[in-house]
Structures are given as C-alpha cells and as structure tokens.
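Below is one structure, written out as structure tokens; the observations come after it.
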Amino acid sequence: MSAFTAVDVIRVKRDGGVLSDAQIDWVVDAYTRGAVADEQMSALAMAILLNGMTGAEIARWTAAMIASGERLDLSSVPRPTVDKHSTGGVGDKITLPLTPLVAACGAAVPQLSGRGLGHTGGTLDKLESIPGWRAALSNEEFAAQLRDIGAVICAAGSGLAPADRKLYALRDVTGTVEAIPLIASSIMSKKIAEGTGALVLDVKVGSGAFMKSVDDARELARTMVELGGAHRVRTVALLTDMSAPLGRAIGNGVEVTESVEVLAGGGPADVVELTLALAREMLDVAGLPDADPAAALRDGRAMDVWRSMIRAQGGDPDAPMPEANEVEVVRADRDGYVAAVDAYAMGVAAWRLGAGRARKEDPVSVSAGVVLHKRPGDPVRAGEPLYELRAEQPEKFPSALAEAARAVTLAERPPAPLPLVIERVE
Ligand code: URA
Numbered sequence: 007m008s009a010f011t012a013v014d015v016i017r018v019k020r021d022g023g024v025l026s027d028a029q030i031d032w033v034v035d036a037y038t039r040g041a042v043a044d045e046q047m048s049a050l051a052m053a054i055l056l057n058g059m060t061g062a063e064i065a066r067w068t069a070a071m072i073a074s075g076e077r078l079d080l081s082s083v084p085r086p087t088v089d090k091h092s093t094g095g096v097g098d099k100i101t102l103p104l105t106p107l108v109a110a111c112g113a114a115v116p117q118l119s120g121r122g123l124g125h126t127g128g129t130l131d132k133l134e135s136i137p138g139w140r141a142a143l144s145n146e147e148f149a150a151q152l153r154d155i156g157a158v159i160c161a162a163g164s165g166l167a168p169a170d171r172k173l174y175a176l177r178d179v180t181g182t183v184e185a186i187p188l189i190a191s192s193i194m195s196k197k198i199a200e201g202t203g204a205l206v207l208d209v210k211v212g213s214g215a216f217m218k219s220v221d222d223a224r225e226l227a228r229t230m231v232e233l234g235g236a237h238r239v240r241t242v243a244l245l246t247d248m249s250a251p252l253g254r255a256i257g258n259g260v261e262v263t264e265s266v267e268v269l270a271g272g273g274p275a276d277v278v279e280l281t282l283a284l285a286r287e288m289l290d291v292a293g294l295p296d297a298d299p300a301a302a303l304r305d306g307r308a309m310d311v312w313r314s315m316i317r318a319q320g321g322d323p324d325a326p327m328p329e330a331n332e333v334e335v336v337r338a339d340r341d342g343y344v345a346a347v348d349a350y351a352m353g354v355a356a357w358r359l360g361a362g363r364a365r366k367e368d369p370v371s372v373s374a375g376v377v378l379h380k381r382p383g384d385p386v387r388a389g390e391p392l393y394e395l396r397a398e399q400p401e402k403f404p405s406a407l408a409e410a411a412r413a414v415t416l417a418e419r420p421p422a423p424l425p426l427v428i429e430r431v432e
C-alpha cells in the first residue's frame with residue numbers, strides 16, 4: 007500500500023496548501039506508471055494552475071520529472087556544452103542558424119527539439135523539409151555527432167523525462183498549459199535531463215507567445231533560471247518580442263531557406279540580431295566570452311558547420327526546397343506604413359495553409375506558409391505586395407486570407423519601433 011492517495015494530494019493543492027517532497031515524488035512517479043489516472047492528474051494540474059506552487063515545490067516537481075527517465079551523460083564531449091530553448095513563437099527559426107554558429111565558435115550544442123502544435127512551428131518539422139534529413143538519433147549517435155561536429159538538432163528520445171511527455175499531452179487538452187510552475191518544470195526537466203552544461207532561454211512575449219505580458223514572461227524566466235542554477239546548469243534568459251513574426255518567412259521549407267540566407271551572411275535584420283544576441287549569451291555561459299559569432303557568420307564557418315550537421319543526419323544541404331503549387335499575393339489598398347503584423351494571426355494563417363498541425367499525428371506541408379514582403383515599420387504604396395500565401399491546394403486560401411488580413415494593419419505614420427530584446431534575466 008502506498009503512503010498517499012491521489013485524492014489526498016489533490017485536496018492539499020485545491021485548498022491552497024504546500025505539497026511535501028514525498029507527496030510530489032509519489033504523485034509524479036505514480037502518474038508515469040499509470041497508478042494515478044489522467045482525470046486525477048488533470049484535477050491536480052488545474053489546482054496548480056489556480057493556486058500556484060512555492061519555489062521549493064517547483065524544484066522538487068522538476069527533480070521528480072527528471073528522475074522519471076534517463077539523464078544523458080555528455081562528459082565524453084571535449085568542448086563546453088550549451089543549449090538554447092525558446093518558449094515558441096511564429097517564424098522562430100533561430101535554432102537553425104544559431105546551433106551551427108555557436109558550434110563554429112568552439113562550443114558543442116546538444117539541441118533536442120520538438121514538433122509544432124497549433125500556431126507555433128516546430129524545429130523538427132522545419133528541418134524535415136530537407137530531403138533525407140533524419141530527426142531520430144540513438145543516444146550514441148547523438149553524443150558522437152556532438153563530439154565530431156559540435157552541433158546536433160534531433161528529436162528527444164522517449165526515455166527523457168517521460169513524466170513530462172505524458173503530463174504535457176494531458177495539459178494540452180485540459181486547459182492547464184499556461185501554469186507557470188508546470189511550464190517551467192516541463193521545459194527545465196527536459197533540458198537538464200539532456201545533459202547540457204549551460205542553457206540560454208529565449209522567453210517570448212506578445213500575441214504569438216504563451217506569455218502575453220512582460221510580467222508573466224519575467225516570472226517564468228526567473229523560475230527557470232533558478233531551476234537551472236539548482237541543478238548546476240548555468241542558465242540565463244532573454245525576454246524577446248513576439249508581437250510580430252520573426253523575419254519574413256513563416257512555414258517549414260521557407261524558414262529553412264531564410265535560415266540558410268542568414269548563414270550565408272544575409273537574411274532579415276531581426277533574425278540576424280536575435281541569432282547574434284543569443285549566440286553571445288550562449289558563448290558567455292559556456293565560458294567562451296571572447297568568441298566572435300558575427301565573424302563566424304561573415305567568414306562562412308557557421309555555414310560549414312550547418313552543412314556538416316545536415317549531412318551527418320542524412321540530409322542534402324544543396325537540395326532545393328520544394329515550391330508550393332499555389333501562391334496568392336496580397337497587395338496594399340492604399341499608401342502608408344505597416345503599423346503591425348500580428349504574430350498570432352499570421353501564425354494561424356500559416357497553420358491554415360498546411361504549415362502546422364491541429365493534432366500531434368497530423369502531417370505538415372513542406373511548401374505551405376507565408377512570406378512577408380513588408381514588415382512592421384516599412385513604408386508601402388498602393389498596389390505593392392504586402393505578403394504572399396503559399397499552399398498545396400487552393401481551398402486552403404479563404405480561411406488563411408481572412409486570418410492574414412486580420413494580422414496586418416496599415417497606418418499613415420510609422421509605428422514606434424519596439425526593441426527585440428526586452429530584458430535579460432540571470
Ligand atoms: N514547452 C514545453 O516543453 N513545455 C511547456 O509546458 C510549455 C512549452
């Protein structure tokens with residue numbers, strides 16, 4: 007007989023109490039084993055969302071989620087290891103240029119990534135646009151690629167934080183994703199279990215992000231930075247703007263193309279700025295503060311690592327991205343300035359076009375998505391293209407056009423520019 011029952015644990019949180027270490031260890035383990043039912047964990051997750059958790063509870067919950075699976079050992083990698091995690095946004099392809107860039111500067115980047123759900127894209131979906139590229143690596147292949155190339159982006163194996171895998175799927179269908187203690191422990195349990203020595207968090211704020219306010223984003227960032235420190239993973243966070251999509255491309259193949267432009271020394275200014283800002287933070291926490299990521303982008307070293315990294319996972323870095331069959335260009339109906347491109351609405355437009363999925367098992371289109379011809383602050387003349395929608399079937403257009411039209415606002419004057427990096431938390 008166990009010392010606890012699920013109902014007792016739920017009642018403590020429901021009534022605003024504090025769970026003991028033993029209760030947390032028990033409920034996370036019992037849920038992973040199937041001894042606590044989904045409906046009981048749903049009730050507990052809702053009680054946590056409504057009543058919160060103390061710092062000590064969050065730390066113990068995270069440790070219990072790590073302990074539910076394996077913890078990778080990267081001690082055979084001769085370079086300092088450092089990873090980046092973004093809380094997710096629209097057009098957020100930064101992992102693609104950033105991983106090879108940081109590796110080109112002397113660190114090793116163990117990036118275990120996920121797939122997209124809803125209006126946000128997933129790194130693995132984007133990379134799977136590259137013919138032949140393989141997301142699944144064994145733990146041995148993962149460590150060997152880190153040793154040989156210094157950069158790997160792949161799917162997290164099923165042995166890593168299995169409690170989180172189960173709980174995240176449950177939260178997704180019970181309205182409990184938004185609880186800061188649960189988001190922080192979910193993200194940090196996976197990053198700590200992956201074995202990285204240091205971590206930089208890109209906590210997004212704005213319409214296209216989980217966190218709509220700077221205050222909530224700061225609280226999430228502080229919670230995660232503390233959890234990293236408690237597990238001896240040096241962690242810093244940047245709060246960055248996600249009110250507009252990053253760059254011009256939103257979709258899978260189109261985001262790979264834009265990332266390669268950045269690695270070739272071009273690409274949209276905001277993507278380059280954020281890539282370099284995160285690279286500097288990563289190199290700093292990895293103990294390589296004198297490395298020069300801007301030089302590694304300019305002189306092609308980052309591109310060389312990208313090509314090796316893609317080839318090592320079976321991909322052809324020279325293969326052209328598939329073109330969409332159907333393209334719809336939307337033009338400005340008057341002169342003015344682009345006042346806003348709402349990230350959430352444009353993310354939904356790309357999703358409706360086929361770039362994203364509604365359920366975990368849905369396929370995604372390689373060629374579908376949105377390409378912005380104008381970004382917030384750009385002047386525009388009547389008749390000039392504002393954006394184009396790409397799809398495999400024309401019937402995808404009507405609902406995507408409605409969302410995209412909602413996203414873009416024109417005005418007579420340019421908007422006040424917003425900083426991309428809002429705050430740093432360490
Ligand atoms: N990403 C995660 O991995 N977990 C969450 O809870 C939210 C975002």
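So in this note's numbering, spot 141 of the sequence shown is number 147, and the numbers just go up one at a time. Cβ coordinates follow ideal geometry from the N, Cα and C atoms, glycine included.
message = When you measure from the CB of Ser-74 to every non-hydrogen atom of the ligand URA, does any distance come out below 7 angstroms?
response = No, since every heavy atom of the ligand URA falls outside the 7 angstroms radius drawn around the Cβ of Ser-74.
task = Alpha carbon to alpha carbon, how far is Leu-107 from Arg-307? Give it in angstroms, no decimals.
result = Note on geometry: alpha-carbon atoms of Arg-307 and Leu-107 lie some 8 angstroms from one another.
key: Nearest neighbour of Ser-192, chosen from Val-34, Arg-387 and Ala-255 [CA to CA]   = Selected option, being the one with the closest Cα: Val-34.
task = Work out the CA separation of Arg-381 and Arg-337 for me, nearest whole Å.
result = Rounded to the nearest angstrom, the two C-alpha atoms are 13 angstroms apart.
ask   = For Lys-210, which residues does DSSP report across the bridge?
value = According to DSSP, Lys-210 bridges with Thr-246.
query = Name the DSSP bridge partner or partners of Val-377?
reply = DSSP output for Val-377 lists Ala-255 and Glu-394 as bridge partner(s).
ask   = Straight-line CA distance for Ile-72 to Arg-66?
value = C-alpha of Ile-72 to C-alpha of Arg-66: approximately 10 angstroms in a straight line.
request  = Could you tell me if Leu-424 is buried or exposed, where buried requires 16 or more neighbouring beta carbons within 10 angstroms of its beta carbon?
outcome  = Label assigned to Leu-424: exposed.
task = Sort Ala-302, Leu-378 and Leu-207 by Cα distance to Leu-395 and report the nearest one.
result = The candidate whose alpha carbon is nearest that of Leu-395 is Leu-378.
Beta-carbon proximity of Ile-256 to Met-327, cut-off 8 angstroms = Going by beta carbons, Ile-256 and Met-327 fall outside the 8 angstroms limit.
task = Output yes or no for whether 8 angstroms exceeds the beta carbon distance between Tyr-343 and Ala-422.
result = In this structure, Ala-422 does not lie closer than 8 angstroms to Tyr-343 by Cβ.
message = Please state whether the Cβ-Cβ distance between Glu-435 and Leu-245 is less than 8 angstroms.
response = Outside the displayed range of the chain (7 to 432) lies residue 435, so it cannot be described from this structure.
request  = Give the C-beta separation of Gly-127 and Asp-98 to the nearest angstrom, bearing in mind that I take them to be a contact with Cβ-Cβ under 8 angstroms.
outcome  = That pair is a contact at about 7 angstroms.
ask   = Taking the C-alpha atoms as reference points, what is the distance between Thr-415 and Ala-345?
value = Approximately 5 angstroms, taken between the alpha carbons.
Test item: CB-CB of Asn-145 and Gly-163 under 8 angstroms = The beta carbons of Asn-145 and Gly-163 sit closer together than 8 angstroms.
query = Three-state secondary structure (DSSP) at Thr-87?
reply = If DSSP states are grouped into helix, strand and coil, Thr-87 belongs with the strands.
ask   = Beta carbon of Arg-240, beta carbon of Val-209: below 8 angstroms?
value = No, Cβ-Cβ distance for Arg-240 and Val-209 is not below 8 angstroms.
inquiry  = Run the Cβ filter for me: residues under 5 angstroms from any heavy atom of the ligand URA, listed in the order they occur in the chain.
reply    = Chain order is used for the residues whose beta-carbon lies nearer than 5 angstroms to a heavy atom of the ligand URA, namely Ile-189, Ser-192 and Ile-193.
Rounded separation between Lys-453 and Pro-369 - CA only = The structure shown does not extend to residue 453, since the chain is modelled only from 7 through 432, so no value can be given for it.
task = Using only alpha-carbon positions, find the residue among Ala-243, Ser-314 and Asp-348 that is nearest to Leu-280.
result = Of the candidates Ala-243, Ser-314 and Asp-348, the one whose C-alpha sits nearest the C-alpha of Leu-280 is Ala-243.
request  = Using a threshold of 8 angstroms, state whether the C-beta atoms of Ala-413 and Ala-355 are closer than that.
outcome  = The answer is yes: Cβ separation under 8 angstroms.
Sub-8 angstroms separation of Met-217 and Met-194 beta-carbons = Cβ distance not < 8 angstroms, so Met-217 and Met-194 don't count as in contact.
request  = Go through its chain and collect everything with a Cβ distance to Ala-250's Cβ below 6 angstroms, but skip five positions before and after it.
outcome  = Cβ contact annotation for Ala-250 (same chain, cutoff 6 angstroms, sequence separation greater than five): Val-347, Ala-349 and Pro-382, in chain order.
key: Assigned exposure category for Asn-258 - 16 Cβ within 10 Å defines buried   = By the 10 Å Cβ count, Asn-258 comes out buried.
query = In terms of alpha-carbon separation, which member of Asp-221, Val-18, Ala-302 and Ala-141 lies closest to Cys-111?
reply = Residue nearest to Cys-111 within the set Asp-221, Val-18, Ala-302 and Ala-141 is Ala-302 (criterion: CA-CA distance).
task = Using alpha carbons as the reference points, say which of Gly-389, Ser-371 and Asp-310 lies closest to Glu-134.
result = Answer by Cα proximity: Ser-371.
request  = Identify whether Val-239 lies in helix, strand or coil by the three-state DSSP scheme.
outcome  = Coil at Val-239, not helix or strand.
inquiry  = According to DSSP, is Gly-138 part of a helix, a strand, or is it coil?
reply    = Here Gly-138 carries a coil assignment [DSSP, helix/strand/coil].
request  = Could you check what DSSP says for Ser-119 in three-state terms: helix, strand or coil?
outcome  = Correct three-state label for Ser-119: strand.
request  = Determine, using beta carbons only, whether Thr-129 and Ala-215 come nearer to each other than 8 angstroms.
outcome  = Using a Cβ distance threshold of 8 angstroms, Thr-129 and Ala-215 do not count as a contacting pair.
Close-in-space but distant-in-sequence residues of the same chain around Ser-405 (CB under 8 angstroms, 5 per side omitted) = The beta carbon of Ser-405 sits closer than 8 angstroms to the beta carbons of Arg-358 from its chain, once the five residues preceding and following it are set aside; these are given in chain order.
inquiry  = Quick check: what's the CA-CA separation for Leu-104 versus Gly-321?
reply    = Within the model, the alpha-carbon separation for Leu-104 versus Gly-321 is close to 18 angstroms.
ask   = Where in the stretch 154-238 do unbroken runs of the beta strand (DSSP E), each at least 3 residues long, occur, reported from the N-terminal end onward?
value = Counting only runs of 3 or more, we get 157-161 and 204-211.
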